[in-house]
Amino acid sequence: MDIFIGLEIHIELKTRSKLFCSCPIPPYHLSLKHPNSYICPICTGHPGTLPSPNKAALEYALLMALAVNSKVAPALNFSRKNYFYPDLPKNYQISQHHSLLGEEGSFTFRVNNQELTVRIKDVHLEEDTAKLVYPEGRLKGAKTVYIDFNRSGIPLLEIVTHPFRSTPFEGRRFLTEFQKAIRFLRISEANMEEGAMRVDANVSLPDEKGKPGKKVEIKNLNSLRFIEKALTYEAYRQSKLLSEGKTIVQETRGYLEKEGITVSQRRKEEASDYRYFPDPDLPRLTLNPSYIEEIKGKLPPLPQELKKSLVKEGLREDQAEILTQEPGIYAFFQKVREENRDLAESSSWIINELLSVVKDNSSFTDIFITPKELGGLIAKVKTGEITRNLAREALKKSLSEKIKLEDITNEIKTPFLTEEELLAIIHEVLKTEEKTVLEYLGGKEKSFNYLLGKVMKLSSGKAKPADIFRLLTSELGSGLHI
Numbered sequence: 001m002d003i004f005i006g007l008e009i010h011i012e013l014k015t016r017s018k019l020f021c022s023c024p025i026p027p028y029h030l031s032l033k034h035p036n037s038y039i040c041p042i043c044t045g046h047p048g049t050l051p052s053p054n055k056a057a058l059e060y061a062l063l064m065a066l067a068v069n070s071k072v073a074p075a076l077n078f079s080r081k082n083y084f085y086p087d088l089p090k091n092y093q094i095s096q097h098h099s100l101l102g103e104e105g106s107f108t109f110r111v112n113n114q115e116l117t118v119r120i121k122d123v124h125l126e127e128d129t130a131k132l133v134y135p136e137g138r139l140k141g142a143k144t145v146y147i148d149f150n151r152s153g154i155p156l157l158e159i160v161t162h163p164f165r166s167t168p169f170e171g172r173r174f175l176t177e178f179q180k181a182i183r184f185l186r187i188s189e190a191n192m193e194e195g196a197m198r199v200d201a202n203v204s205l206p207d208e209k210g211k212p213g214k215k216v217e218i219k220n221l222n223s224l225r226f227i228e229k230a231l232t233y234e235a236y237r238q239s240k241l242l243s244e245g246k247t248i249v250q251e252t253r254g255y256l257e258k259e260g261i262t263v264s265q266r267r268k269e270e271a272s273d274y275r276y277f278p279d280p281d282l283p284r285l286t287l288n289p290s291y292i293e294e295i296k297g298k299l300p301p302l303p304q305e306l307k308k309s310l311v312k313e314g315l316r317e318d319q320a321e322i323l324t325q326e327p328g329i330y331a332f333f334q335k336v337r338e339e340n341r342d343l344a345e346s347s348s349w350i351i352n353e354l355l356s357v358v359k360d361n362s363s364f365t366d367i368f369i370t371p372k373e374l375g376g377l378i379a380k381v382k383t384g385e386i387t388r389n390l391a392r393e394a395l396k397k398s399l400s401e402k403i404k405l406e407d408i409t410n411e412i413k414t415p416f417l418t419e420e421e422l423l424a425i426i427h428e429v430l431k432t433e434e435k436t437v438l439e440y441l442g443g444k445e446k447s448f449n450y451l452l453g454k455v456m457k458l459s460s461g462k463a464k465p466a467d468i469f470r471l472l473t474s475e476l477g478s479g480l481h482i
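Quick note: the sequence shown uses full-length UniProt numbering, first residue 1, plus one each step.
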């Protein structure tokens with residue numbers, strides 16, 4: 001079902017310190033282990049404290065705005081967004097409203113073999129709130145709530161899209177590609193399970209003129225899979241209401257993962273409800289054109305661009321997709337490729353061999369073996385110094401037992417079969433697979449691959465593929481096996 005989807009994407013920037021104070025931003029696991037330990041009077045909203053903007057946060061935010069082709073504002077003002085909630089110690093959040101960092105951008109991605117473009121309404125910078133912790137695990141039924149201020153004041157980048165007509169699956173695909181882009185910019189880990197990327201979705205059905213109808217905001221979306229499910233359910237709920245002659249209420253709803261439904265939380269606020277006004281404690285920031293150009297020069301190639309380049313060079317689209325799913329994987333692949341100058345073999349070894357062993361793609365930056373070692377292993381296979389099967393086993397042993405790959409391969413003495421021994425195996429296969437041989441001689445070329453596989457299996461990795469191919473072709477051509 002086509003619906004209108006508007007997304008508000010919140011990204012925690014991985015700066016060293018918070019947005020308006022010098023408190024360090026701890027790794028997620030330390031923040032959980034030591035609540036209210038990375039705080040100061042500024043990020044806990046003590047009266048009389050003065051905020052000071054973080055230059056690195058502004059640079060990261062500007063990178064994002066430029067990456068989505070936004071029009072960057074020449075000057076910025078921070079505003080106070082006023083509302084009352086336990087996670088907001090000052091009773092206002094420092095955000096941007098009167099002048100936004102970036103406006104009217106776009107993001108293009110591929111889905112179902114076609115390109116789709118989502119228009120970006122704005123990109124703006126704000127401080128994160130504190131975190132509410134419920135001992136019972138969720139708000140519903142909770143008797144006690146604790147407040148952890150470790151998160152309060154962390155730089156938060158909000159990217160707001162214009163409503164786009166799409167399907168829940170395409171909405172999820174957009175967020176998947178957008179998350180990759182954020183990681184390649186290296187401005188955030190964007191891990192949804194850690195709260196480093198949070199998404200609110202506005203859903204509306206097309207009216208009789210094909211325009212967005214009344215929108216409903218859905219919160220508590222903490223995984224890409226649940227986002228697709230929530231969009232699907234909400235589209236069904238609204239459609240059912242209209243079919244029954246009922247009215248859709250503009251409101252905020254929460255998504256319950258276990259039940260797979262959305263539930264009403266409160267009426268949907270408008271901008272006027274927050275009584276925005278410029279923050280008198282923060283100066284107006286002027287962005288010189290030379291500074292903007294300097295940041296633009298730091299923009300790295302993003303996954304969509306890298307995929308196109310790899311496909312143009314000869315890789316399949318699915319291979320390019322895998323190699324660009326994480327910046328660590330792509331960087332490793334490029335270094336391996338530099339070592340052996342072989343695009344196909346480098347991609348094959350990483351996709352088919354390395355990724356099958358390294359389950360956690362995010363650990364690619366500190367993987368035990370180096371690109372140089374893997375490149376050397378590929379070279380040994382290509383020259384016939386070691387068979388692919390033995391090389392594969394060496395790779396697995398190196399990663400599992402933390403032994404240097406070179407030490408393992410140096411100990412391997414490949415017991416290659418003699419030509420006579422290999423011919424004996426080929427004759428045995430041709431004798432037992434007489435029907436397949438006749439099919440090949442009758443013009444069914446695919447039968448050759450079957451025979452080739454049989455010989456390779458019986459040779460147990462002790463014969464070079466090139467030798468098997470040469471001798472098998474020769475024997476089939478001679479007709480001596482008949």
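Note that beta-carbon positions come from the ideal geometry of N, C-alpha and C, so glycine has one too.
Note that this is a predicted model, so its numbers are computed, not measured.
CA nearest to the CA of residue 80, picked from 274, 255, 233: Here residue 80 refers to the residue found at position 80 of the sequence shown. When only C-alpha atoms are compared, the closest one is 274.
Beta-carbon proximity list for residue 129, same chain, < 8 Å, skipping 5 on both sides: If you number the sequence shown from 1, residue 129 lands on position 129. So the qualifying residues of the chain are 85, 87, 88, 93, 151, 152.
Bridge partners - residue 201, DSSP secondary structure assignment: For the purposes of this step, residue 201 is taken as the residue at position 201 of the sequence shown. Paired residues: 7, 218.
Stretch pair the region 250-264 + the region 169-183: three plus CB contacts closer than 8 Å: no
For residue 82: DSSP bridge partner residues: On the sequence shown, residue 82 is found 82 positions in, with the first residue counted as 1. DSSP output for residue 82 lists 92 as bridge partner(s).
Own chain, CB closer than 6 Å to residue 482, minus 5 neighbours either side, in chain order: Against the sequence shown, residue 482 aligns to sequence position 482. The pLDDT assigned to residue 482 is 47, lower than 50, so where the model puts this residue is not dependable; a value taken from the coordinates is nonetheless given after this. Here the set comprises nothing.
Which listed residue (443, 418, 465, 218) has its alpha carbon closest to that of residue 452: As a position in the sequence shown, residue 452 is number 452, starting the count at 1. The candidate whose alpha carbon is nearest that of residue 452 is 465.
Span of the beta strand (DSSP E), counted from its first residue to its last, around residue 252: On the sequence shown, position 252 is the one that residue 252 refers to. Run containing residue 252: 251-256, per the beta strand (DSSP E) assignment.
Reference residue 518; option with closest CA among 169, 56, 380: No statement about residue 518 is possible, as the shown extent of the chain runs from 1 to 482 and does not include it.
Residue 124, enclosing alpha helix (DSSP H) - first and last residue: Sequence index remark: in the sequence shown, residue 124 carries index 124 (1-based). Residue 124 -> not in any alpha helix (DSSP H); beta strand (DSSP E) instead, spanning 114-127.
Bridge-paired residues (DSSP) for residue 152: Taking the sequence shown and counting its residues from 1, one reaches residue 152 at position 152. For residue 152, which the question treats as bridged, DSSP gives no partner whatsoever.
Length of the line joining the Cα atoms of residue 336 and residue 408: If you number the sequence shown from 1, residue 336 lands on position 336. If you number the sequence shown from 1, residue 408 lands on position 408. Residue 336 and residue 408: Cα-Cα distance of roughly 19 Å.
CB of residue 463 within 7 Å of CB of residue 417, strictly: Locating residue 463 in the sequence shown gives position 463, where the first residue counts as 1. Locating residue 417 in the sequence shown gives position 417, where the first residue counts as 1. In this structure, residue 417 lies closer than 7 Å to residue 463 by Cβ.
Secondary structure of residue 146, DSSP reduced to three states: Working through the sequence shown from its first residue, we reach residue 146 at position 146. Strand at residue 146.
Counterpart residues of residue 71 in DSSP-defined beta bridges: In the sequence shown, counting from the first residue as 1, residue 71 sits at position 71. Per DSSP, 103.
Cα-Cα separation, residue 102 to residue 7: Mapped onto the sequence shown, residue 102 falls at position 102. Mapped onto the sequence shown, residue 7 falls at position 7. Their backbone Cα atoms lie some 16 Å apart in a straight line.
Residue 174: first and last residue of the uninterrupted alpha helix (DSSP H) it sits in: On the sequence shown, residue 174 is found 174 positions in, with the first residue counted as 1. Element bounds for residue 174: 168-185.
Three or more C-beta pairs below 8 Å linking the region 32-48 and the region 217-230: no
Cβ neighbour criterion (16 or more within 10 Å) applied to residue 135: For the purposes of this step, residue 135 is taken as residue 135 along the sequence shown, with counting starting at 1. It is exposed - the Cβ of residue 135 has fewer than 16 other Cβ atoms within 10 Å.
Sub-7 Å separation of residue 347 and residue 319 beta-carbons: Indexing the sequence shown from 1 puts residue 347 at position 347. Indexing the sequence shown from 1 puts residue 319 at position 319. In this structure, residue 319 lies closer than 7 Å to residue 347 by Cβ.
Through-space distance from residue 204 to residue 238, alpha-carbon basis: The residue labelled residue 238 in the question sits at position 238 within the sequence shown. The residue labelled residue 204 in the question sits at position 204 within the sequence shown. If you draw a straight line from the Cα of residue 238 to the Cα of residue 204, it is about 8 Å long.
Residue 68 beta carbon less than 7 Å from that of residue 120: Within the sequence shown, residue 120 is the residue found at index 120, counting from 1. Within the sequence shown, residue 68 is the residue found at index 68, counting from 1. Their beta carbons are under 7 Å apart, which means residue 120 touches residue 68 by this criterion.
Top-ranked residue by Cα proximity to residue 328, from 366, 473, 90: As a first step, residue 328 is located in the sequence shown; it is residue number 328 there, counting from the start. With distances taken between Cα atoms, residue 328 lies closest to 366.
Coil, strand or helix - residue 285 by DSSP: Taking the sequence shown and counting its residues from 1, one reaches residue 285 at position 285. In the structure shown, residue 285 sits in a strand (DSSP, three-state: E or B).
Residues near residue 403 in its chain [Cβ-Cβ closer than 8 Å; skip 5 each side]: Numbered from its first residue, the sequence shown carries residue 403 at position 403. Same-chain partners within the cutoff: 397.
Residue 161 in three-state terms, based on DSSP: As a first step, residue 161 is located in the sequence shown; it is residue number 161 there, counting from the start. Strand, per DSSP.
For residue 25, the residue or residues it bridges with in DSSP: Residue numbering aside, residue 25 sits at position 25 when the sequence shown is read from its first letter. Beta-bridge pairing links residue 25 to no other residue.
Residue burial classification, residue 410 (beta-carbon count within 10 angstroms, cutoff 16): Position 410 of the sequence shown, counted from the start, is the residue given in the question as residue 410. The residue is exposed, with fewer than 16 neighbouring Cβ atoms inside 10 Å.
Under 7 Å between C-beta atoms of residue 18 and residue 147: If you number the sequence shown from 1, residue 18 lands on position 18. If you number the sequence shown from 1, residue 147 lands on position 147. Against a cut-off of 7 Å, the Cβ pair of residue 147 and residue 18 comes out as no contact.
Residue 475 to residue 460 span [Cα, whole Å]: Position 475 of the sequence shown holds residue 475. Position 460 of the sequence shown holds residue 460. Linking residue 475 to residue 460 through their CA atoms gives a straight-line distance of about 20 Å.
Residue burial classification, residue 302 (beta-carbon count within 10 angstroms, cutoff 16): On the sequence shown, residue 302 is found 302 positions in, with the first residue counted as 1. The residue in question, residue 302, is buried, as its Cβ has 16 or more Cβ neighbours within 10 Å.
Residue 470 - partner residues in DSSP beta bridges: Here residue 470 corresponds to residue number 470 of the sequence shown, with the count starting at 1. None, per the DSSP bridge assignment.
Whole-Å CB distance - residue 385 paired with residue 405, under 8 Å assumed: Sequence index remark: in the sequence shown, residue 385 carries index 385 (1-based). Sequence index remark: in the sequence shown, residue 405 carries index 405 (1-based). Their Cβ separation, rounded to whole angstroms, is 14 Å, which puts residue 385 and residue 405 out of contact at 8 Å.
Spatial distance of residue 262 from residue 321 (CA atoms): Counting from one through the sequence shown, the residue named residue 262 turns up at place 262. Counting from one through the sequence shown, the residue named residue 321 turns up at place 321. When only Cα atoms are considered, residue 262 and residue 321 end up about 33 Å apart.
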